[in-house]
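Okay, structure first, notes after.
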Amino acid sequence: MRRVRVMAVMGPVEFVVLTFPGERLNVGAVAALERLRRSGAVRLIDSLVVTRSAESGEAASAHPAELPELAALFPADERPELITPHEAHEAASLLSPGDCALLLLVEHLWAAEAAQAVCEAGGRIAASVRIAPDRMAGAHAGALATA
Numbered sequence: 446m447r448r449v450r451v452m453a454v455m456g457p458v459e460f461v462v463l464t465f466p467g468e469r470l471n472v473g474a475v476a477a478l479e480r481l482r483r484s485g486a487v488r489l490i491d492s493l494v495v496t497r498s499a500e501s502g503e504a505a506s507a508h509p510a511e512l513p514e515l516a517a518l519f520p521a522d523e524r525p526e527l528i529t530p531h532e533a534h535e536a537a538s539l540l541s542p543g544d545c546a547l548l549l550l551v552e553h554l555w556a557a558e559a560a561q562a563v564c565e566a567g568g569r570i571a572a573s574v575r576i577a578p579d580r581m582a583g584a585h586a587g588a589l590a591t592a
């Protein structure tokens with residue numbers, strides 16, 4: 446009888462850059478992310494806030510736990526610091542002066558159970574492609590028009 450070695454499977458991990466106007470994050474939007482974390486849908490692996498100064502145009506970064514308005518949403522003990530300075534620099538290049546970004550490394554826990562089942566069956570996830578929401582909206586509108 447063939448034995449199948451089963452290892453713990455992580456859900457898909459995604460690096461996300463959310464940009465906001467102004468040098469402070471929208472706390473309401475961040476709170477919605479926290480609700481997803483508490484529900485068990487996602488696991489926050491790492492996070493970083495990047496701002497581009499309106500005055501000098503210089504970029505700066507900080508962990509959300511270091512910012513008073515975000516500290517409760519991002520506990521300081523959850524900081525593995527996997528988001529690199531290079532990634533922060535790249536995110537800063539997306540910002541206009543006076544804007545900010547929240548960089549997130551997120552595991553999609555909701556997909557881990559399905560991934561585990563695929564692995565137990567001897568399969569593997571060979572590819573995954575993220576489709577931008579605006580592309581899906583266009584495809585959906587086109588499908589409705591032809592229906």
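For the sequence shown, my numbering gives the first residue as 446, with consecutive numbering after it.
From the three backbone atoms N, C-alpha and C, an ideal C-beta is built for every residue, glycine too.
These figures come from a predicted structure and were not determined experimentally.
Start-to-end residues for the alpha helix (DSSP H) that takes in residue i
i	result
residue 632	A question about residue 632 goes unanswered here, because the residues of the chain that appear run from 446 up to 592.
DSSP state of residue i mapped onto helix, strand, coil
i	result
residue 464	strand
residue 558	helix
residue 546	strand
residue 531	helix
residue 563	helix
residue 536	helix
residue 505	strand
residue 514	coil
Pair within 7 Å by beta-carbon distance, residue i and residue j
i	j	result
residue 547	residue 472	no
residue 456	residue 554	yes
residue 480	residue 552	no
residue 537	residue 504	yes
When the options are compared against residue i, the one with the closest alpha-carbon
i	options	result
residue 482	550, 538, 542 and 532	550
residue 466	496, 459 and 501	496
residue 485	557, 584 and 579	557
residue 507	545, 559 and 573	545
residue 459	540, 492, 499 and 534	492
Where the beta strand (DSSP E) through residue i begins and ends
i	result
residue 489	487 to 497
Q. Between the region 505 to 514 and the region 552 to 571, are three or more C-beta pairs nearer than 8 Å?
A. No, they do not touch.
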